[in-house]
Amino acid sequence: MRVAVCISGASGAVYAKRLIDYLENRVELSVVISEDAKKIFEDELSLNFFEFTKSMGFKLYKNSDFYSPLASGSHILDSCVVVPCSMKTLSAIAHGFSENLICRCADVCIKEKRKLILVPRETPLSAIHLENMLKLARLGVVILPPAPAFYGKPKSISDIVDFVVGRILDSMGIENRLYRRWE
Numbered sequence: 032m033r034v035a036v037c038i039s040g041a042s043g044a045v046y047a048k049r050l051i052d053y054l055e056n057r058v059e060l061s062v063v064i065s066e067d068a069k070k071i072f073e074d075e076l077s078l079n080f081f082e083f084t085k086s087m088g089f090k091l092y093k094n095s096d097f098y099s100p101l102a103s104g105s106h107i108l109d110s111c112v113v114v115p116c117s118m119k120t121l122s123a124i125a126h127g128f129s130e131n132l133i134c135r136c137a138d139v140c141i142k143e144k145r146k147l148i149l150v151p152r153e154t155p156l157s158a159i160h161l162e163n164m165l166k167l168a169r170l171g172v173v174i175l176p177p178a179p180a181f182y183g184k185p186k187s188i189s190d191i192v193d194f195v196v197g198r199i200l201d202s203m204g205i206e207n208r209l210y211r212r213w214e
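Per our numbering, numbering through the sequence shown is continuous, rising by one, with the last residue being 214.
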């Protein structure tokens with residue numbers, strides 16, 4: 032299975048890190064990160080993104096790299112997840128404005144009818160945000176806000192993060208046991 036994880040400049044780097052940690056040895060993984068996302072990653076996690084990725088085996092692409100295979104519909108990709116997804120990125124995707132590799136990869140998934148999951152990180156949501164999400168949902172894009180459930184009685188932030196990441200993996204069809212399911 033081929034998966035792209037795209038990290039845009041919004042709070043929630045912990046979701047991207049946990050997803051990458053989980054997927055790294057399970058799928059053929061490509062990662063794209065925006066410049067702002069690198070700064071947020073370092074600020075929120077006190078971890079340099081390139082130090083984090085140094086020993087990992089995935090392909091890392093610059094957000095400006097339109098020569099990446101992710102920019103082409105002829106490159107087979109099973110799923111793309113934008114996590115976290117800023118409202119700027121969500122808006123660009125909704126309007127077909129492929130100004131960078133993250134938006135182009137999402138655009139390719141939409142046009143090729145491939146799985147695209149957006150994890151929007153904003154609250155409260157404006158009518159503009161909701162209209163953009165509705166437009167994308169009508170195109171088949173999965174809108175997956177990082178809203179945890181509490182029936183599993185989470186005891187830590189990691190439990191809450193695992194619930195959200197588990198739901199992302201569920202949406203990709205990747206089996207996981209990261210959270211307690213409703214019984």
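Here a beta-carbon is modelled for each residue, glycine too, at the ideal position from N, C-alpha and C.
Integer-rounded CB distance, given that residue j should sit under 8 Å from residue i
i      : j      : result
Phe89  : Glu55  : 6 Å
Val45  : Val192 : 5 Å
Ala102 : Cys140 : Not confirmed; about 11 Å, so no contact.
Lys119 : Met203 : Actually they do not touch by this definition, with Cβ atoms about 24 Å apart.
Tyr92  : Ser61  : 6 Å
Pro179 : Pro185 : 7 Å
C-beta contact flag for residue i and residue j at 7 Å
i      : j      : result
Leu170 : Ile148 : no
Val58  : Ile133 : no
Val246 : Val150 : Because the chain is modelled from 32 through 214, residue 246 falls outside the range shown and cannot be assessed.
Ser65  : Asn94  : yes
Cys116 : Ser39  : yes
Val196 : Arg49  : yes
Ser77  : Arg152 : no
Phe81  : Phe72  : no
Ala125 : Leu167 : yes
Minimum C-alpha distance to residue i - residue among the options
i      : options                           : result
Leu165 : Leu121, Ala102 and Glu206         : Leu121
Glu143 : Met118, Val195, Leu108 and Ser202 : Leu108
Ser189 : Ser157, Tyr210 and His126         : Tyr210
Arg198 : Lys186, Pro185 and Arg212         : Arg212
Gly127 : Ser105, Asn163, Ala68 and Lys184  : Asn163
Gly183 : Pro100, Ile159, Arg208 and Ala47  : Arg208
Ala123 : Phe181, Glu206, Ile159 and His106 : Ile159
Gly104 : Phe181, Asp138 and Asp74          : Asp138
Ala47  : Glu206, Leu200 and Glu214         : Leu200
Residues bridged to residue i (per DSSP)
i      : result
Cys116 : Pro151
Lys90  : Ser61
Cys37  : Val63 and Val113
Ile174 : Leu149
Residue i CB to nearest heavy atom of the ligand MG below 6 Å
i      : result
Lys166 : With respect to small molecules bound, the structure shown includes none, and the ligand MG cannot be examined in it.
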